[in-house]
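In the numbering used here, the protein residues as written are 173 to 323. Reviewing the structure listed below.
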């Protein structure tokens, strides 16, 4: 009776879940084999921004919203950009950029771990020195940066 029907329903649910899981996993594996996975993805490996930083960024401390991408693909250590846009934080970061000759490498993408730094860039006196479809590089001059928040 009822116990048999409940067991059949549970068995069908398990088989359906297993089938959906297998299909999803197969799609993920196929994507990873074709394009790479996570930071091995072609979007990172083929980044013109990263290639430019690798060729031109030597001698400059890097600050970015995706330090792992620069570590893996530009062979460079980078620090995470400040997450806060509080005036004191922006001022301190601007001073650090100016004092150390730092570059901001801002990727256009977002993730659950890293946001686009648009709000931070709007508050700094910086100029863009390189632009690519996946992001850009910004620098500052000492006099503008040490004045702190620009807007």
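For every residue, glycine included, the Cβ atom is placed at its ideal position computed from N, Cα and C.
Candidates the options: closest to residue i by CA position
{"i": "residue 283", "options": "178, 210 and 183", "result": "210"}
{"i": "residue 306", "options": "180, 223 and 178", "result": "223"}
{"i": "residue 300", "options": "294, 309, 293 and 292", "result": "309"}
{"i": "residue 302", "options": "189, 229 and 197", "result": "229"}
{"i": "residue 245", "options": "219, 196, 232 and 311", "result": "219"}
{"i": "residue 312", "options": "276, 227, 200 and 260", "result": "276"}
{"i": "residue 249", "options": "234, 258 and 256", "result": "234"}
{"i": "residue 241", "options": "217, 192 and 288", "result": "217"}
{"i": "residue 251", "options": "181, 269, 297 and 295", "result": "269"}
{"i": "residue 247", "options": "258, 293, 254 and 225", "result": "225"}
{"i": "residue 255", "options": "292, 227, 281 and 266", "result": "292"}
{"i": "residue 253", "options": "190, 198, 296 and 195", "result": "296"}
Per DSSP, the bridge partner or partners of residue i
{"i": "residue 234", "result": "250 and 275"}
{"i": "residue 309", "result": "277 and 302"}
7 Å Cβ shell around residue i - same chain, five flanking residues per side excluded
{"i": "residue 238", "result": "279 and 286"}
{"i": "residue 257", "result": "291, 292 and 295"}
Own chain, CB closer than 6 Å to residue i, minus 5 neighbours either side, in chain order
{"i": "residue 221", "result": "304, 306 and 307"}
{"i": "residue 214", "result": "207 and 208"}
{"i": "residue 274", "result": "233 and 235"}
Endpoints, the alpha helix (DSSP H) within which residue i is located
{"i": "residue 257", "result": "Residue 257 -> no alpha helix (DSSP H), and no H or E assigned at all."}
{"i": "residue 243", "result": "239 to 245"}
{"i": "residue 142", "result": "There is no way to answer for residue 142, as the model of the chain reaches only from 173 to 323."}
key: Runs of alpha helix (DSSP H) lying entirely within the region 183 to 237, each at least 4 residues, in chain order   = 214 to 217 and 220 to 228
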